[in-house]
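Enquirer: Counted the way full-length UniProt numbering counts, the sequence shown spans residues 1 to 125.
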Amino acid sequence: MKFERFSEAVKILGDRTRLRLIRLLMERPVFVCEASAVLGLSTPTVSVHFSKLKQFGFVKDRKEGQKVMYSLAEPPDPCLKLVLEGVLQYLRTSDEFDEDIERLKSVDISKVCPYEGGNSEEENA
């Protein structure tokens, strides 16, 4: 792996919002609409952050109808795998994002992700 790519990957993981997303994924896979509700960010913003994490293999996605669910992944590059392991270890020992986890536990998916089969709030906006 070239230094520039490694450096970019480390910067991706250094973003507070992306760390919050990774912390959510440590609990369980989440839909973009769930993460958006938990973090108080727009769905497009959350999607961009997930896309950047996916670019380096830190997360993977799968579609369920109109919704996209993300989960943690194992980066194919051994150096990035070690970096992610370090981030996960830090997040395991930190209580900094505990409020996000509490909100995730109480989120009602049917209310924050009410669309199924095409007529989403995003499409109507």
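Cβ coordinates follow ideal geometry from the N, Cα and C atoms, glycine included.
#1: Verify whether the separation of the beta carbon atoms of residue 100 and residue 28 is less than 7 Å.
#2: I'd like the list of long-range same chain contacts for residue 6, defined as Cβ closer than 7 Å, with 5 residues on each side in sequence excluded.
#3: Just to confirm the assignment, what range does the alpha helix (DSSP H) spanning residue 1 have?
#4: Is residue 70 closer than 7 Å to residue 61 when the C-beta atoms are compared?
#5: When we look at the beta-carbon of residue 117 and count the other beta-carbons within 10 Å, is it buried (16 or more) or exposed?
#6: Indicate whether residue 112 and residue 33 have their beta-carbon atoms separated by less than 7 Å.
#7: Tell me where the alpha helix (DSSP H) around residue 41 begins and ends.
#8: DSSP three-state call for residue 48: helix, strand or coil?
#9: Please report the straight-line C-alpha distance between residue 39 and residue 3, rounded to a whole angstrom.
#10: Just reading off the alpha helix (DSSP H) that residue 110 is part of, what are its end residues?
#11: Is residue 9 closer than 7 Å to residue 50 when the C-beta atoms are compared?
Expert: Let me lay it out:
#1: Against the sequence shown, residue 100 aligns to sequence position 100. Against the sequence shown, residue 28 aligns to sequence position 28. Result no, Cβ atoms of residue 100 and residue 28 do not sit closer than 7 Å.
#2: For the purposes of this step, residue 6 is taken as residue 6 along the sequence shown, with counting starting at 1. These residues qualify, in order along the chain: 79.
#3: As a position in the sequence shown, residue 1 is number 1, starting the count at 1. It is not in any alpha helix (DSSP H) - residue 1 carries neither H nor E in the DSSP assignment.
#4: In the sequence shown, residue 61 corresponds to position 61, counting from 1. In the sequence shown, residue 70 corresponds to position 70, counting from 1. Going by C-beta atoms, residue 61 is nearer than 7 Å to residue 70.
#5: The sequence position of residue 117 within the sequence shown is 117, counting from 1. Confidence at residue 117 is low in this model, with a pLDDT of 45, below 50, so its placement is unreliable and no value can be given for it.
#6: Residue mapping note: residue 112 aligns to position 112 of the sequence shown, counting from 1. Residue mapping note: residue 33 aligns to position 33 of the sequence shown, counting from 1. Their beta carbons are under 7 Å apart, which means residue 112 touches residue 33 by this criterion.
#7: Along the sequence shown, read from residue 1 onward, the residue named residue 41 stands at position 41. Unbroken run through residue 41: none, as it is neither H nor E.
#8: As a first step, residue 48 must be located in the sequence shown, where it is residue number 48. Residue state, collapsed to three classes: helix.
#9: Here residue 39 corresponds to residue number 39 of the sequence shown, with the count starting at 1. Here residue 3 corresponds to residue number 3 of the sequence shown, with the count starting at 1. Taking the straight line joining both Cα atoms gives about 32 Å.
#10: Taking the sequence shown and counting its residues from 1, the one referred to as residue 110 is at position 110. Residues 109 to 112.
#11: Locating residue 50 in the sequence shown gives position 50, where the first residue counts as 1. Locating residue 9 in the sequence shown gives position 9, where the first residue counts as 1. Not in contact: residue 50 and residue 9 (Cβ atoms no closer than 7 Å).
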